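K.L.:
Under this note's numbering, think of the first position of the sequence shown as 14, with each following residue one higher. Supplied in structure tokens, the structure appears directly below.
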Amino acid sequence: MNIEAKDCQGLERSLTFEWLETNGRGGFSSGTVAGPNTRRYHALLLIARNPPVDRFVLVNHLDEQVEINGQSLSLSANCYPGAVHPDGYRRCIGFSADPWPTWTYDIGGMQVIREIFCPRGRDMVVVRWYLAAAEGQAATLIVRPMLSGRDYHATHHENSGLWPGVRDNRPVSWQPYNGLPVVTALSRGMYRHEPVWYRRVQFPVEQDRELDFEEDWWSPGEFTMELAAGQPAHLVFTTEPVEAVDVEALVRDERGRRQKLAEGAPGNDRLVRLLWQAAEAYLSDRGQQKTVIAGYPWFTDWGRDTFISLPGLCLATGRHDIARQVITAFSAHVSQGMIPNRFPDAGEAPEYNTIDASLWFVHAVGRYLDYTKDESTVRRVAWPAVRAILDGYRQGTRYGIRMDADGLIAGGAPGVQLTWMDAKVGDWVVTPRRGKPVEIQALWVRALAVGQELAEQFGDKAYAKRCEDDRILAIKSFRARFWYEEGGYLYDVVDGEGGDDASLRPNQIYAVAFPGELLDAKQAKQVVQVVEERLLTPVGLRTLAPGDPQYRPRYEGGVHSREGAYHQGTVWPFLLGPFVTAWLRVHGGTADAKRRARGFLNGIEQHLGEACIGQVSEIFDADAPHLPRGCFAQAWSVAEPLRALIEDIGRQELGGDRVPPARSAADPEKPLRKKGRLPRR
């Protein structure tokens with residue numbers, strides 16, 4: 014993914030390009046191609062003290078000056094009130110994100126290369142500079158790091174509580190505030206301690222979001238390094254207790270690791286290859302297990318996001334051991350038939366405020382078994398959790414979540430947002446969806462099918478029969494209640510506070526994407542057609558159809574405005590995954606159909622070269638030009654298109670071998686029809 018000189022040097026354009034490096038421990042490094050940090054979350058060294066949470070910004074930025082032939086020219090830039098200074102972006106003649114963020118600068122006819130990467134599994138960032146075609150050339154590089162030491166959601170301001178000294182000179186290390194990790198800087202250059210403050214650094218993106226957008230950085234001193242042929246210079250920042258590091262070995266090992274990862278992508282499809290590489294960014298440690306980061310820069314691990322993303326991030330990519338660890342980690346936190354929706358940043362007790370995360374967990378367990386045939390782990394770890402979830406929903410659990418007499422799942426409580434459409438400002442729940450949401454019923458039928466299959470496999474015939482009976486009842490009730498004849502699609506919610514909600518939303522696509530024959534063939538085709546005609550955009554599905562009185566065309570402004578638009582039209586790219594699955598279910602799996610389905614993902618492929626380079630944004634504006642918004646990198650935005658490419662479009666269409674069909678893709682009702690228990694419509 015390359016950016017040419019004209020886009021690098023055009024400030025307005027280059028400020029919209031962002032880059033991301035993650036370390037697999039919840040920490041990351043990010044910024045803009047132009048150089049200035051435009052978000053409070055942009056930082057060079059940002060670590061998770063209790064991976065993947067308790068994140069702190071330690072090193073914010075660098076000021077870099079190159080001295081050549083008596084001139085001092087900058088590579089860096091910052092935003093200040095009314096100005097961007099210095100002007101290093103004007104000298105940038107190219108940027109590449111492969112294998113990590115790399116800039117090329119023209120400094121008086123000499124090319125200076127700067128690259129930044131985070132070694133996997135370490136609380137460390139490496140910044141490296143060298144000369145291209147440097148025969149006979151030399152220059153002096155002066156680098157001044159800027160530090161804070163703050164929670165990554167906050168901002169930092171000049172204060173008398175900061176300790177301005179050097180903790181140690183061998184190697185150089187600082188600890189501006191007690192209780193924070195010591196920052197060690199490793200370099201072959203000379204260090205001169207000369208503390209100064211950089212005041213009123215501004216973050217334009219935060220200003221646009223009507224949030225605190227200004228802070229002060231403390232700079233302890235400067236490093237002076239020589240650049241010459243065959244002599245790369247480097248600065249390594251880390252919180253690890255190390256006294257030296259072999260940077261060239263780190264470069265070699267990390268480059269090789271990333272190359273091996275890229276070579277594992279199936280087939281020849283460029284989008285598959287790029288999403289395959291992007292997926293790793295979201296996999297992180299959580300204690301002794303693994304978890305999924307929902308999105309960067311401000312999310313940690315969320316139950317719903319984790320298990321929607323798991324098939325695409327871990328199963329379709331062959332990371333089965335990581336999938337097992339994720340399932341194991343969440344299984345340990347089942348409470349009253351629910352898995353956590355969120356592990357708070359500061360390490361408090363998990364939050365159990367979702368109606369769907371637990372059902373997504375059951376779905377993911379079924380897919381894990383499809384891929385791995387790992388009956389031992391499922392029986393020992395996941396099966397008790399699956400049973401607890403199914404029984405919890407039957408008996409009733411938090412927030413009124415329960416199986417109603419008709420076999421469908423109802424839920425809701427005043428002031429609580431339980432589905433994935435979870436925007437809330439103060440006491441205002443934007444899309445409450447209390448009652449029986451459509452996708453929850455599809456998930457419930459799917460969960461009962463998994464429960465039945467596992468019970469049969471593990472010899473509990475009585476429990477299997479109970480799941481079978483509940484599933485049949487839920488299907489019959491769904492067929493009787495959810496079809497909205499006037500619109501030719503499904504109600505979004507039935508038995509809600511105001512009756513049945515006929516708002517045209519994308520949630521109904523799961524009634525077709527999941528197997529289970531909740532609809533007859535004609536209805537399924539109508540649902541897909543309506544969604545395609547009214548909700549589909551080049552980068553995802555709208556959350557509400559244009560023309561609805563609640564439709565919001567743009568996601569912008571302050572918190573109230575943004576939250577009010579979050580699920581009222583705003584486009585979500587992760588929904589392309591179930592849409593492609595559903596579209597192929599009703600149009601067949603011919604080669605021509607798969608080629609057409611692949612076309613629905615062309616907008617995502619184009620988007621990988623904008624916003625956060627190589628990643629997929631969380632959301633987009635509902636109206637053209639569908640500007641990217643929200644998190645600049647989102648797990649399910651990567652995972653679901655990747656899953657659909659591999660599982661549904663298939664590796665044969667991508668130039669490789671087809672994934673064997675999963676057991677969950679079979680029609681689970683065929684044996685029931687033989688028994689005469691579920692008639693066709």
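Note that the Cβ used here is the ideal one computed from N, Cα and C, for glycine as well. This one's a predicted model, so the numbers in the text were calculated from it and none came from an experiment.
Based on DSSP bridge pairs, tell me the residues matched to E623.
P.N.:
Position 610 of the sequence shown, counting from 1, holds the residue named residue 623. Looking at the DSSP assignment, E623 forms no beta bridge with any residue, so it has no partner.
K.L.:
Taking DSSP as the reference, what is the three-state secondary structure of E498?
P.N.:
Residue 498 sits at position 485 when you count from the first residue of the sequence shown. The answer is coil: DSSP assigns E498 none of H, G, I, E or B.
K.L.:
For P450, collect the residues of the same chain with a Cβ closer than 6 Å to its Cβ; drop the 5 residues on either side in sequence, then sort them by chain order.
P.N.:
As a working note, residue 450 is residue 437 in the sequence shown. Correct list, in chain order: T432 and V506.
K.L.:
Rank R265, I126, A167 and A96 by C-alpha distance to the C-alpha of L59 and give the top, closest one.
P.N.:
Residue numbering aside, residue 59 sits at position 46 when the sequence shown is read from its first letter. Of the candidates R265, I126, A167 and A96, the one whose C-alpha sits nearest the C-alpha of L59 is A167.
K.L.:
Give a yes or no on contact between the region 583-595 and the region 605-622, applying the rule of three or more CB pairs nearer than 8 Å.
P.N.:
The region 583-595 is in contact with the region 605-622.
K.L.:
For H74, does the count of other Cβ atoms within 10 angstroms reach 16, so buried, or fall short, so exposed?
P.N.:
Here residue 74 refers to the residue found at position 61 of the sequence shown. It is buried - the Cβ of H74 has at least 16 other Cβ atoms within 10 Å.
K.L.:
For the ligand SAM, is there any heavy atom lying closer than 7 Å to the beta carbon of R459?
P.N.:
This structure lacks the ligand SAM, and indeed carries no ligand of any kind.
K.L.:
Could you tell me whether the Cβ of V584 comes closer than 8 Å to any Cβ of chain C?
P.N.:
The structure shown has no chain C; it contains just one protein chain.
K.L.:
Can you give me the C-alpha to C-alpha distance between A678 and E293, rounded to a whole angstrom?
P.N.:
For the purposes of this step, residue 678 is taken as the residue at position 665 of the sequence shown. For the purposes of this step, residue 293 is taken as the residue at position 280 of the sequence shown. No answer about A678 holds up, because its pLDDT of 34 lies below 50 and its placement is not dependable.
K.L.:
Judging by CA-CA distance, which residue of R103, Y118 and G101 is the nearest neighbour of S109?
P.N.:
The residue you call residue 109 lines up with position 96 of the sequence shown. The shortest C-alpha separation from S109 is found at Y118.
K.L.:
Would you kindly work out how many angstroms separate the C-alpha atoms of A675 and A18, rounded to a whole number?
P.N.:
Here residue 675 refers to the residue found at position 662 when the sequence shown is read from its first residue. Here residue 18 refers to the residue found at position 5 when the sequence shown is read from its first residue. Low local confidence applies: a pLDDT of 44 at A675 is under 50, so the model's placement there is unreliable, and no value is given.
K.L.:
In whole angstroms, what is the alpha-carbon distance linking G134 and E660?
P.N.:
Position 121 of the sequence shown holds residue 134. Position 647 of the sequence shown holds residue 660. Distance between the alpha carbons of G134 and E660: 30 Å.
K.L.:
Quick check: the Cα distance between G149 and V125, rounded to an integer number of angstroms?
P.N.:
Stepping through the sequence shown from its first residue, residue 149 is reached at position 136. Stepping through the sequence shown from its first residue, residue 125 is reached at position 112. When rounded, the distance between both Cα atoms is 14 Å.
K.L.:
Whose CA, out of P519, L531, Y579 and G570, lies closest to the CA of L554?
P.N.:
Taking the sequence shown and counting its residues from 1, the one referred to as residue 554 is at position 541. Minimum Cα distance to L554 is reached at P519.
K.L.:
Can you list, in chain order, the stretches of the beta strand (DSSP E) that have 3 or more residues and sit fully within the region 70-106?
P.N.:
Fully enclosed beta strand (DSSP E) runs of 3 or longer: 84-87, 91-93 and 96-98.
K.L.:
So, for G501: in the same chain, excluding its five sequence neighbours on each side, which residues have a beta-carbon less than 7 Å away from its beta-carbon?
P.N.:
For the purposes of this step, residue 501 is taken as the residue at position 488 of the sequence shown. For G501, where only same-chain residues beyond five positions count, the Cβ hits under 7 Å are Q539 and V543.
K.L.:
Helix, strand or coil for W289? Go by DSSP, reduced to three states.
P.N.:
Numbered from its first residue, the sequence shown carries residue 289 at position 276. Residue state, collapsed to three classes: helix.
K.L.:
What's the C-alpha gap between K683 and L382?
P.N.:
For the purposes of this step, residue 683 is identified with residue 670 of the sequence shown, where counting begins at 1. For the purposes of this step, residue 382 is identified with residue 369 of the sequence shown, where counting begins at 1. In this prediction, K683 has a pLDDT of 41, which is less than 50 and means its spatial position is unreliable; nothing more can be read from the coordinates.
K.L.:
Using the Cα positions of A370 and E227, report the straight-line distance between them to the nearest angstrom.
P.N.:
Translated into positions along the sequence shown, residue 370 becomes position 357. Translated into positions along the sequence shown, residue 227 becomes position 214. A370 and E227: Cα-Cα distance of roughly 37 Å.
K.L.:
Any idea which residues DSSP pairs A241 with across the strands?
P.N.:
Here residue 241 refers to the residue found at position 228 when the sequence shown is read from its first residue. The partner list for A241 (beta bridge, DSSP) reads A151 and Q244.
K.L.:
Can you find the residues in the same chain that come closer than 8 Å, C-beta to C-beta, to K474, ignoring five residues on each side of it along the sequence?
P.N.:
Mapped onto the sequence shown, residue 474 falls at position 461. Closer than 8 Å at the Cβ level, and outside the excluded window around K474, lie A468.
K.L.:
Which runs of the beta strand (DSSP E) at least 3 residues long sit entirely within the region 299-325? Give them in chain order.
P.N.:
Entirely contained in the region 299-325, the beta strand (DSSP E) runs reaching 3 residues are, in chain order, 302-305.
K.L.:
Do P245 and R317 come within 8 Å of each other at the CB atom, strictly closer than that value?
P.N.:
Your numbering for residue 317 matches position 304 in the sequence shown. Your numbering for residue 245 matches position 232 in the sequence shown. No, the pair does not count as a contact, with Cβ atoms beyond the cut-off.
K.L.:
Specify the secondary structure class of A436 as computed by DSSP and reduced to three states.
P.N.:
Walking along the sequence shown from the start, residue 436 turns up at place 423. If DSSP states are grouped into helix, strand and coil, A436 belongs with coil.
K.L.:
Using the Cβ count rule (16 or more neighbours within 10 Å means buried), how would you classify W441?
P.N.:
Translated into the one-based positions of the sequence shown, residue 441 becomes position 428. Counting Cβ neighbours within 10 Å, W441 comes out exposed, since fewer than 16 surround it.
K.L.:
Let me know the secondary structure DSSP gives Y118 once reduced to three states.
P.N.:
Here the question's residue 118 lines up with position 105 in the sequence shown. The answer is strand: DSSP assigns Y118 an E or B state.
K.L.:
Would you report the Cα separation of N182 and E361, rounded to the nearest angstrom?
P.N.:
Locating residue 182 in the sequence shown gives position 169, where the first residue counts as 1. Locating residue 361 in the sequence shown gives position 348, where the first residue counts as 1. The straight-line gap from Cα to Cα measures roughly 37 Å.
K.L.:
Could you tell me if N281 is buried or exposed, where buried requires 16 or more neighbouring beta carbons within 10 angstroms of its beta carbon?
P.N.:
Residue mapping note: residue 281 aligns to position 268 of the sequence shown, counting from 1. By the neighbour-count rule (16 or more Cβ atoms within 10 Å), N281 is not buried but exposed.
K.L.:
How many Å lie between L685 and E466 at the Cα?
P.N.:
Against the sequence shown, residue 685 aligns to sequence position 672. Against the sequence shown, residue 466 aligns to sequence position 453. Low per-residue confidence applies at L685: pLDDT is 39, beneath 50, and the placement is therefore not dependable enough to give any value.
K.L.:
What do you get for R565, buried or exposed, if any count of 16 or more other CB atoms within 10 angstroms of its CB means buried?
P.N.:
Start at 1 with the first residue of the sequence shown, and residue 565 comes out as number 552. R565 comes out buried.
K.L.:
Identify every run of the beta strand (DSSP E) within the region 134-178, keeping only runs that are complete inside it and at least 3 residues long; order them along the chain.
P.N.:
Fully enclosed beta strand (DSSP E) runs of 3 or longer: 137-145 and 151-164.
K.L.:
Between which two residues does the alpha helix (DSSP H) containing S371 stretch?
P.N.:
Taking the first residue of the sequence shown as 1, we reach residue 371 at position 358. Here the alpha helix (DSSP H) through S371 covers A370 to T385.
K.L.:
Could you tell me which of R213, L193 and P184 sits nearest to M203, measuring between CA atoms?
P.N.:
Looking up residue 203 in the sequence shown gives position 190. Among R213, L193 and P184, the Cα nearest to that of M203 is on P184.
K.L.:
F130 by DSSP, collapsed to three states: which one?
P.N.:
Position 117 of the sequence shown, counted from the first residue, corresponds to residue 130. Three-state result, F130: strand.
K.L.:
What's the call for P397, buried or exposed, on a 16-neighbour Cβ count within 10 Å?
P.N.:
The residue given as residue 397 occupies position 384 in the sequence shown. Exposed, since its Cβ has fewer than 16 Cβ neighbours within 10 Å.
K.L.:
Just to confirm, is the Cβ distance from Q536 to W596 under 8 Å?
P.N.:
For this step, residue 536 is matched to residue 523 along the sequence shown. For this step, residue 596 is matched to residue 583 along the sequence shown. Cβ distance not < 8 Å, so Q536 and W596 don't count as in contact.
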